[in-house]
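**Q** There's a structure below that I have some questions on.
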Amino acid sequence: NAGVMQNPRHLVRRRGQEARLRCSPMKGHSHVYWYRQLPEEGLKFMVYLQKENIIDESGMPKERFSAEFPKEGPSILRIQQVVRGDSAAYFCASSPSGETQYFGPGTRLLVL
Amino acid sequence: QKEVEQDPGPLSVPEGAIVSLNCTYSNSAFQYFMWYRQYSRKGPELLMYTYSSGNKEDGRFTAQVDKSSKYISLFIRDSQPSDSATYLCAMSAYSSGSARQLTFGSGTQLTVLP
């Protein structure tokens, strides 16, 4: 059973560009979470989704950030007009029931 | 004050030592407690999961939760160089349905010397 998959693993963007991060949950998992890990900081919750629904986005910045988990395909975290402060590792986790969360390898975003 | 406090270390021990890692928290609503291991530039790997107070053992790892003191611990027996990583505590509160966002400590960096 493949684990949580994230791509790309590394992403370089210039200020003002858009970043799209993808997450495919483990087979049979319908709960997807996104977390951000800033340099020298811990993991911070961003958003929780189920298929076609955003359940909790209390950790998402109010502007430029959006997330979706369509009926078909991976979950997408989208960052518009990136700034240098968006440089971080973004991790996706999936869960079968919401209790235990299994993390992917992360996408490391660098904004130049 | 952070909701979850964790000593960042770094912690360095000789091979075979018993390692004790700890977190304190302030939110009394937390009921689910986890420990993750994160190797450099990798994703967190779930090590232990416990609900409410008590102990849980899995091989060389023992997790303890003391809700009265708002204190959780992870013990690693017979530590190995391969245990060298950053250890993250995480916890969540009960919520209706199944949505439980995790609140993480900042991580403790552990090095086990051969």
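In the order they appear, the protein sequences are chains H and D. Using the numbering used here, the first residue of the first sequence is number 1, and each one after it goes up by one. Using the numbering used here, the first residue of the second sequence is number 113, and each one after it goes up by one. All C-beta atoms in this analysis are idealised placements derived from N, C-alpha and C, irrespective of residue type, glycine included.
1. Looking only at C-alpha atoms, which of 112/H, 20/H, 93/H, 32/H sits nearest to residue 64/H?
2. Considering just the uninterrupted stretch of the beta strand (DSSP E) at residue 99/H, what are its terminal residues?
3. Could you check how far apart the C-beta atoms of residue 92/H and residue 37/H are, in whole angstroms? I think they sit under 8 Å.
4. Using 8 Å as the threshold, is the stretch 215–225 of chain D in touch with the stretch 117–130 of chain D, meaning 3 or more CB pairs across them?
5. Drop a sphere of 10 angstroms on the beta-carbon of residue 212/D, count the other beta-carbons inside from all chains shown, and report buried for 16 or more, exposed for fewer.
6. Please identify the residue among 68/H, 80/H, 22/H whose C-alpha is closest to the C-alpha of residue 51/H.
7. For the beta strand (DSSP E) containing residue 166/D, list its first residue and its last residue.
8. What does a CB cutoff of less than 8 Å around residue 102/H pick up in its chain, not counting 5 residues either side in sequence?
9. Taking only beta-carbon atoms, is residue 210/D less than 8 Å away from chain H?
10. Looking only at C-alpha atoms, which of 24/H, 9/H, 10/H sits nearest to residue 74/H?
11. Quick one: residues in its chain with C-beta nearer than 7 Å to the C-beta of residue 226/D, no 5 flanking neighbours on either side, listed in chain order?
12. With H, G and I counted as helix, E and B as strand and the rest as coil, what does DSSP make of residue 84/H?
13. So what's residue 190/D in DSSP terms, helix, strand or just coil?
14. Name the chain H residues that come within less than 7 Å of residue 216/D, Cβ to Cβ?
15. Could you tell me the alpha carbon to alpha carbon distance between residue 42/H and residue 90/H, rounded to whole angstroms?
16. CB-CB under 8 Å to residue 171/D, same chain, minus the five flanking residues each way: which ones, in chain order?
17. With the cut-off set at 8 Å, would you say residue 86/H and residue 47/H are in Cβ contact?
18. Determine, for residue 156/D, whether the minimum Cβ-Cβ distance to residues of chain H falls below 8 Å.
**A** In short, the structure shows the following:
1. 20/H
2. Premise fails: residue 99/H is in no beta strand (DSSP E) and is neither H nor E.
3. Their Cβ separation, rounded to whole angstroms, is 12 Å, which puts residue 92/H and residue 37/H out of contact at 8 Å.
4. yes
5. buried
6. 68/H
7. 166–170
8. 3, 4, 26, 29, 93, 94, 95
9. Confidence in residue 210/D is poor, its pLDDT being 49 and thus under 50, which makes the residue's placement unreliable; the coordinate value appears in the next sentence. Yes, because at least one Cβ of chain H sits closer than 8 Å to the Cβ of residue 210/D.
10. 24/H
11. 127, 193
12. helix
13. coil
14. 42, 43
15. 12 Å
16. none
17. no
18. yes
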